[in-house]
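Following: one structure in structure tokens, then a few remarks.
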Amino acid sequence: MIQSMTGFGKAFMQLPNKKITVEIKSLNSKGLDLNVRTPSIYREMELQIRNSIAQRLERGKIDFSLYIEVTGEETSAKINVPIVKGYINQMKEVIPNADETELMKMAVRMPDALKTEREELDKNEWLQIEKVINEALDNISTFRSDEGVSLEKEFELRISNIENLMNEAVSYDSERVETVKTRLRTALEELKATIDENRFEQELIFYLEKYDITEERVRLGNHLNYFLETMKNEEALGRKLGFITQEIGREINTMGSKSNHTEMQKLVVQMKDELEKIKEQVLNVL
Numbered sequence: 001m002i003q004s005m006t007g008f009g010k011a012f013m014q015l016p017n018k019k020i021t022v023e024i025k026s027l028n029s030k031g032l033d034l035n036v037r038t039p040s041i042y043r044e045m046e047l048q049i050r051n052s053i054a055q056r057l058e059r060g061k062i063d064f065s066l067y068i069e070v071t072g073e074e075t076s077a078k079i080n081v082p083i084v085k086g087y088i089n090q091m092k093e094v095i096p097n098a099d100e101t102e103l104m105k106m107a108v109r110m111p112d113a114l115k116t117e118r119e120e121l122d123k124n125e126w127l128q129i130e131k132v133i134n135e136a137l138d139n140i141s142t143f144r145s146d147e148g149v150s151l152e153k154e155f156e157l158r159i160s161n162i163e164n165l166m167n168e169a170v171s172y173d174s175e176r177v178e179t180v181k182t183r184l185r186t187a188l189e190e191l192k193a194t195i196d197e198n199r200f201e202q203e204l205i206f207y208l209e210k211y212d213i214t215e216e217r218v219r220l221g222n223h224l225n226y227f228l229e230t231m232k233n234e235e236a237l238g239r240k241l242g243f244i245t246q247e248i249g250r251e252i253n254t255m256g257s258k259s260n261h262t263e264m265q266k267l268v269v270q271m272k273d274e275l276e277k278i279k280e281q282v283l284n285v286l
């Protein structure tokens, strides 16, 4: 089953004094291009986060963001009391009659008046955050699967269009034979040359074999069916589908070079257009 590399997943959880929010965005990429943003307190868990994402999402240009919003009265910034008192005493020596409230306002703005205490990672809290991360991964996986259903329908339509155009091109084959035969006979008549009918038929057969598209038609049909069969596989499909589209393109190009017929060449151009639309979307397949 097809999964898109494009997706978005979000989840959040309210803890007693903070709100945890996780966002994951994904675009197509040849490999895994992962960017992780977390608050410094959770930096030591970054490798674990990366491994979880790589295991679940496999490929894509992925941006992971973990946001913390403090909702309680907890704060890591504390007043550095000895420093503030020292500033006040020094300012009293400079301005003996100054108002203490004003001195306090000035002191807390001075360097080192506030000290930040580094938080330690709470293991129990991290277990809760892991749940939020897994929920966000579930959400982006669902998003990717839904996008994959749309891609699958698009591929089925384009493959069907190519098959119909191929069959229409083949329908001109008998007409093409008569056109070539008439053209050759007219050219010989203009030269006023004596025609050996047996030799003429042999040369005509040789000429038509050179431009015969039967093998290309059979191979193209096989490639189209293989593409549809591969879509139903449970494994990662993007690269494999890309290889199949290359083979499809090779057969379409050969049919175009052999067609030697205006209407057939127009149909080949339309097949190429359908194939380009498939190639564009295959880049999004996981």
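For what it's worth, UniProt numbering labels the leading residue of the sequence shown as 1, then goes sequentially.
Just so it is clear, CB atoms sit at the ideal spot from N, CA and C, and this is done for glycine as well.
Given the structure is predicted, the values throughout are model-derived calculations rather than measurements.
Residue pairing by DSSP places I24 opposite G9 and F64 in a beta bridge. By DSSP's assignment, R37 forms a beta bridge with S65. Two segments are said to touch when three or more pairs of C-beta atoms, one from each, lie closer than 8 Å; by this definition the segment 264-284 touches the segment 233-250. Per DSSP, the unbroken alpha helix (DSSP H) holding A107 starts and ends at E100 to A107. Your pair K85 and L103 does not check out as a contact, with CB atoms roughly 10 Å apart and the cut at 8 Å. Note on Q3: 16 or more other CB atoms within 10 angstroms of its CB, so buried under the neighbour-count rule.
Contact check between the segment 171-178 and the segment 249-256: fewer than three CB pairs, one atom from each, fall below 8 Å, which does not count as touching. Taking C-alpha positions only, F143 is separated from S29 by approximately 17 Å. Secondary-structure assignment with DSSP links L224 through no beta bridge to anything. Going by C-alpha positions, L34 is about 37 Å away from N222. The C-alpha of N161 lies about 8 Å from the C-alpha of M271. The continuous alpha helix (DSSP H) containing N89 extends over residues V81 to V94. Going by DSSP, G31 is part of no alpha helix (DSSP H) at all; its letter is neither H nor E. Q3 sits in coil when the DSSP states are folded into three classes, being neither helix nor strand. Going by DSSP, K153 is part of the alpha helix (DSSP H) stretching over K123 to V170.
Proximity of the segment 52-62 to the segment 10-20 falls short of the contact definition, fewer than three beta-carbon pairs being nearer than 8 Å.
In the structure shown, the three-state DSSP call for K210 is helix. Put simply, the backbone Cα of G31 is about 19 Å away from that of R37.
Burial check for L47: the Cβ neighbour count within 10 Å stays below 16, so the residue is exposed. Only residues of its own chain outside the window of five on either side were considered, and among them none has a CB closer than 7 Å to the CB of S150. For K232, the three-state secondary structure derived from DSSP is coil. Under DSSP, V285 shares a beta bridge with S4. Taking N80 as reference, the option from V94, R59, T71 and R109 with the minimal CA-CA separation is R109. Nearest Cα to M231 within the set F155, V269 and E216: F155.
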